[in-house]
Amino acid sequence: MEFIPSNWLYNAGVIGFLRVLESAGENKVNVENFLKEDGGVEIDDFDKKFLKEVKKVDNYEIPKLAYYYLIFNFNEIVNGEASSDDEKIKKVWGKLFNTYYRGFFNANTNYLFQHSKRSPALIQQFSDFVRNMTNSNKNSSIKCSFCLKSDYNFFYKNKFTSEHNKILGASIGEVPNTFWNLDKKNSLSICDFCSYILLHYHLGIIKLSNNSEIFINAPSFKIMWHLNNHARTLYEKQRAKEVKEILGMSLIEMTSRLQLQLSKWTKMNIEVIVKYKVKVNEKWEDKIDFFSLPYEVVDVLSDREVASLLNKIGEFKILNMVLDGKFNEILKFGERVFRIAIKPRNEWGKQERDFINENIKLERNNSNLISFSQNIFKLYALINDKIKKEVLIWT
Numbered sequence: 168m169e170f171i172p173s174n175w176l177y178n179a180g181v182i183g184f185l186r187v188l189e190s191a192g193e194n195k196v197n198v199e200n201f202l203k204e205d206g207g208v209e210i211d212d213f214d215k216k217f218l219k220e221v222k223k224v225d226n227y228e229i230p231k232l233a234y235y236y237l238i239f240n241f242n243e244i245v246n247g248e249a250s251s252d253d254e255k256i257k258k259v260w261g262k263l264f265n266t267y268y269r270g271f272f273n274a275n276t277n278y279l280f281q282h283s284k285r286s287p288a289l290i291q292q293f294s295d296f297v298r299n300m301t302n303s304n305k306n307s308s309i310k311c312s313f314c315l316k317s318d319y320n321f322f323y324k325n326k327f328t329s330e331h332n333k334i335l336g337a338s339i340g341e342v343p344n345t346f347w348n349l350d351k352k353n354s355l356s357i358c359d360f361c362s363y364i365l366l367h368y369h370l371g372i373i374k375l376s377n378n379s380e381i382f383i384n385a386p387s388f389k390i391m392w393h394l395n396n397h398a399r400t401l402y403e404k405q406r407a408k409e410v411k412e413i414l415g416m417s418l419i420e421m422t423s424r425l426q427l428q429l430s431k432w433t434k435m436n437i438e439v440i441v442k443y444k445v446k447v448n449e450k451w452e453d454k455i456d457f458f459s460l461p462y463e464v465v466d467v468l469s470d471r472e473v474a475s476l477l478n479k480i481g482e483f484k485i486l487n488m489v490l491d492g493k494f495n496e497i498l499k500f501g502e503r504v505f506r507i508a509i510k511p512r513n514e515w516g517k518q519e520r521d522f523i524n525e526n527i528k529l530e531r532n533n534s535n536l537i538s539f540s541q542n543i544f545k546l547y548a549l550i551n552d553k554i555k556k557e558v559l560i561w562t
């Protein structure tokens, strides 16, 4: 099984899919083994490990992949407890297919483990969909608009609609989608496997406290995996709140911890997708924006020495100077801190005390201002040297 980066919606689905595999019960996997240096994802023996092996749910045997998906979603999106896997799946089913992917499967849990007069039990339908989605379909003349292949089944809901994504998908009724002005008839083709991947979109994004959502997109799944993981951790620990800070600190964390070399193409194409709501004519509407840092800033943050020193300094004031590309301000800030630091504290004036208290939040820096200012000077020198080298390369 192979994936290559595509549009951001698909990419977010793949990251969510990898999160499910990472948590795969007794068969926990190391996602790092799937991430390739060329930016793709490759999973050996995928069908054998995740589709042919089964778990028993109620009286049904379903592929482990389907089971992992449902249980992971229960842990992620359901507030509450359950005494058994059957109960967990019943609780999460309605939320998945009534709230997140309304209409993709029937959300009525009365038929989850019970067939109706016209159709099998919903868990059986879901099981069949997952089990058969990667079947070869070599005779198909349809090409999927997401993976750009004709390899997989096109048997279930193969037009991209609001059932796949309620904001971006085409309307399933007569009124066209407000984003693309598309109805179901004129929408994108999507294979069964990519449909399944898009059912992981909500697991790939990061939800912020103001009800907005973000996803860090890049030309490499390896970069996306690490950046979004760091972003999720940073936000959960309340170490970063603004989108700019989340992206910047995620780059710093990734650069500091991993031996990753980002190509110029990758540095130029890292972006944050931000989904939020605005009130228009008394109604709340969904909006999507794209945010990116200038190449020069990404290039600086991708330097291990710079990233390590920014981590050591740890002040948002300095971080935001870097993120805003105000590199000369770093030197001026360091000089002012140093001028204050060489004076005894009992000789500081009100302006000096206010400046230190407003701009330096960490006690370790406040209590050792000379060392702190030296780190700022070193940071400025590293950044300046980095920029000069980059200019020489381009010229």
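Just add 167 to wherever you are in the sequence shown, counting from 1, and you've got my numbering. From the three backbone atoms N, C-alpha and C, an ideal C-beta is built for every residue, glycine too.
Nearest neighbour of residue i, chosen from the options [CA to CA]
i           : options            : result
residue 405 : 375, 237, 269      : 375
residue 217 : 204, 228, 232, 365 : 232
residue 416 : 168, 267, 359, 471 : 471
residue 541 : 409, 252, 503      : 503
residue 456 : 365, 438, 450      : 438
residue 381 : 276, 498, 396      : 396
residue 298 : 242, 488, 363      : 363
residue 428 : 303, 509, 474, 469 : 469
residue 551 : 496, 276, 390      : 496
residue 361 : 176, 398, 286, 338 : 176
residue 479 : 221, 467, 543, 371 : 543
residue 220 : 373, 418, 294      : 294
residue 453 : 200, 292, 378      : 378
residue 234 : 226, 215, 256      : 256
residue 554 : 532, 517, 505, 466 : 466
DSSP bridge partner residues for residue i (one or two, in chain order)
i           : result
residue 356 : 326
residue 473 : Note: residue 473 sits in no beta bridge, so no partner.
residue 384 : 438
residue 451 : 446
residue 223 : 228
residue 373 : 381
residue 456 : 441
residue 337 : 328
residue 209 : 169
Helix, strand or coil at residue i [DSSP, three-state]
i           : result
residue 446 : strand
residue 517 : helix
residue 274 : coil
residue 216 : helix
residue 298 : helix
residue 169 : strand
residue 547 : helix
residue 557 : helix
residue 269 : strand
residue 315 : coil
residue 406 : coil
residue 202 : strand
residue 366 : coil
residue 263 : helix
residue 174 : coil
residue 491 : coil
residue 499 : helix
residue 310 : coil
residue 280 : coil
residue 346 : Note that residue 346 scores 49 on pLDDT, short of 50, meaning its location in the model is unreliable; the coordinates nonetheless yield the value given after this. Note: residue 346 maps to coil in three-state DSSP.
residue 538 : helix
residue 423 : helix
residue 242 : helix
residue 292 : helix
CB contact flag (residue i, residue j, <8 Å)
i           : j           : result
residue 359 : residue 332 : no
residue 323 : residue 296 : yes
residue 500 : residue 412 : no
residue 486 : residue 546 : no
residue 252 : residue 229 : no
residue 180 : residue 365 : yes
residue 198 : residue 236 : no
residue 168 : residue 241 : no
residue 288 : residue 282 : yes
residue 367 : residue 184 : yes
residue 290 : residue 224 : yes
residue 529 : residue 481 : yes
residue 402 : residue 440 : no
residue 385 : residue 423 : no
residue 202 : residue 450 : no
residue 507 : residue 519 : yes
Neighbour flag for residue i against chain C, beta carbons, 8 Å
i           : result
residue 362 : Protein chain content of the structure displayed is limited to a single chain, and chain C is not contained in it.
Next item on the list: For the stretch 456-464 and the stretch 488-498, state whether three or more C-beta atom pairs, one from each stretch, are separated by less than 8 Å.
Entry: The stretch 456-464 vs the stretch 488-498: in contact.
Check: Does the stretch 322-336 come within contact of the stretch 353-371, defined as at least 3 CB pairs closer than 8 Å?
Finding: Output reads yes: the stretch 353-371 touches the stretch 322-336.
Notebook entry, point to check: Pairing CB atoms from the stretch 312-320 with CB atoms from the stretch 241-252, are three or more of them under 8 Å?
Noted result: Contact between the stretch 312-320 and the stretch 241-252 is absent, because fewer than three Cβ pairs lie under 8 Å.
Next item on the list: Take every Cβ of the stretch 205-216, pair it with every Cβ of the stretch 263-276, and state whether three or more of those distances are shorter than 8 Å.
Entry: Pairwise C-beta distances place the stretch 205-216 out of contact with the stretch 263-276, as fewer than three of them are shorter than 8 Å.
Check: So does the stretch 440-456 actually touch the stretch 508-516, counting three or more Cβ pairs closer than 8 Å?
Finding: Taking 8 Å as the limit for Cβ pairs, the verdict is that the stretch 508-516 does not touch the stretch 440-456.
Margin query: For the structure I just gave you, are there three or more beta carbon pairs, one from the stretch 423-438 and one from the stretch 523-530, closer than 8 Å?
Written below: Touching, no, given that fewer than three Cβ pairs across the two stretches are closer than 8 Å.
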